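Position one of the sequence shown corresponds to residue 1 (the working numbering), numbered consecutively onward.
Remarks on the structure that follows.
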Amino acid sequence: MYIGWAICPANIQFKDLFVARESLNGTLILAYQKGQAFHAVAYITLTYERSGTYLIETDESGRVEMLL
Numbered sequence: 001m002y003i004g005w006a007i008c009p010a011n012i013q014f015k016d017l018f019v020a021r022e023s024l025n026g027t028l029i030l031a032y033q034k035g036q037a038f039h040a041v042a043y044i045t046l047t048y049e050r051s052g053t054y055l056i057e058t059d060e061s062g063r064v065e066m067l068l
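See the structure below:
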């Protein structure tokens with residue numbers, strides 16, 4: 001079973017968060033907007049009990065490719 005999770009600072013309002021693609025390496029993050037700026041809060045990770053924990057990488061279109 002795969003479990004997705006992230007560790008966020010306690011002072012962040014969950015209702016303000018959205019999923020985004022980090023431009024540096026294409027991983028999925030949780031972010032929020034403040035004014036005209038967007039701020040990364042946490043990387044979204046995926047844990048599989050047999051093989052460990054990974055960052056979720058996407059291509060330039062935001063697609064995730066997973067081999068099960």
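Every residue, glycine too, gets a C-beta built ideally from N, C-alpha and C.
Just so you know, these numbers come straight off a predicted model, no measurement behind them.
Secondary structure note for F18: its beta strand (DSSP E) is the uninterrupted segment F18 to R21. Rounded to the nearest angstrom, the gap between the Cα atoms of Q33 and M1 is 32 angstroms. The region 43-53 makes no contact with the region 8-18; the number of CB pairs closer than 8 angstroms stays below 3.
Taking the Cα positions, I56 is about 10 angstroms away from G62. Within its own chain, the residues whose Cβ lies closer than 6 angstroms to the Cβ of G26, once the five positions on either side in sequence are excluded, are E57 and T58, listed in chain order.
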